[in-house]
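**Q** First, the structure itself, so that you have it in front of you.
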């Protein structure tokens, strides 16, 4: 009888340990799922371009507790648990460098609202920053027809006889403004046709060769407008943009705290609404540019 009781007690003890291990395994599985979720969130955060949204999401993630300590569980966790935890830690460390400039910019506001929250919200507010723009004919390609007003049109049948000039584009139908802008300033462009580039460029942008096309170099930033949508171009890289189709594009250049931001908006005149298409960190001062590869574009005369 004593032997049977002893065996029964051992059996119960083993069952108890099995239940404890199963419970511990369940906890570890939950931890693994949580670590994987955090890793995915951090990876997604690393691709966030909007600095305000980046900082907001980073702050939320930073408030989360650190990876759970599984050392107190009296079993040997799977090796991939440690791998996932290490990956989360590594990703977080990589994000530290990316977030530094954003945190610095917010600190420089000394507790004021974030930079983008202080930007205009309505078209009427944007129009307060409207700027005067004129074309520099010395930059216009020979197939770019200027005028009337501030209109630039591509003509494959008409060649404008223009004298040679160091500032003139020789390979692409493009034109630059006379004025150089630092911001804050706002303007609108009405476009039509198959392919139009709305751009800003450094005065040092190439005037000849393949790299002289707006967005094909690191000295220009361009929104390509066509019937199927929009593409943002810079340094030879292209980003397709989904957004409401509009023949009018608003451009806002804003400079603050040693940083310059360029924003493109889809503008609806009928509803007076503006939809952000793309925002990018850039530098200043910059020239306004138009590329009319298969259509026409006009800098609009707008009233407050």
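Residue numbers (the numbering used here): 1364 to 1667.
Ideal Cβ placement from N, Cα and C applies to all residues, glycine included.
Apart from the five residues just before and just after residue 1426, which ones in its own chain have a Cβ nearer than 8 angstroms to its Cβ?
**A** Note on residue 1426: pLDDT 47, under 50, position unreliable in the model; the coordinate value appears next. Excluding residues up to 5 positions away in sequence, nothing lies with its Cβ nearer than 8 angstroms to the Cβ of residue 1426 in the same chain.
**Q** CA-CA distance, residue 1512 and residue 1560?
**A** 19 angstroms
**Q** Using a C-beta cutoff of 8 angstroms, does residue 1537 count as contacting chain B?
**A** Of the protein chains in this structure there is only one, and it is not chain B.
**Q** For the beta strand (DSSP E) containing residue 1490, list its first residue and its last residue.
**A** Unbroken run through residue 1490 is the alpha helix (DSSP H), 1486-1490; no beta strand (DSSP E).
**Q** For residue 1466 and residue 1621, I'd like the C-alpha separation in whole angstroms.
**A** Legend: pLDDT at residue 1466 = 34, less than 50; position of this residue unreliable, no value from coordinates given.
**Q** CB-CB under 8 angstroms to residue 1540, same chain, minus the five flanking residues each way: which ones, in chain order?
**A** 1496, 1497, 1498, 1499, 1650, 1651, 1652
**Q** Could you tell me the distance, in whole angstroms, from the CA atom of residue 1659 to the CA atom of residue 1619?
**A** 33 angstroms
**Q** Check whether the region 1639-1647 and the region 1595-1609 touch, using three or more Cβ-Cβ pairs below 8 angstroms as the test.
**A** yes
**Q** For residue 1605, which of helix, strand or coil comes out of DSSP?
**A** coil
**Q** Note down the Cα distance separating residue 1577 from residue 1388, rounded to an integer number of angstroms.
**A** 57 angstroms
**Q** Where does residue 1643 sit, in a helix, a strand or coil, going by DSSP?
**A** strand
**Q** What number of angstroms, rounded off, separates the C-alpha of residue 1503 from the C-alpha of residue 1627?
**A** 23 angstroms
**Q** How many Å lie between residue 1460 and residue 1398 at the Cα?
**A** Reliability of the predicted coordinates at residue 1460 is poor, the pLDDT of 43 falling under 50, and the value obtained from them is presented with this limitation in mind. Computed Cα separation, rounded: 22 angstroms.
**Q** Does DSSP put residue 1476 in a helix, in a strand, or in coil?
**A** Confidence at residue 1476 is low in this model, with a pLDDT of 34, below 50, so the placement of that residue is unreliable and no value is reported for it.
**Q** Which residue marks the beginning of the beta strand (DSSP E) containing residue 1514, and which one marks its end?
**A** 1514-1517
**Q** Between 1551, 1623, 1572, 1583, which lies nearest to residue 1566 when the distance is taken from Cα to Cα?
**A** 1583
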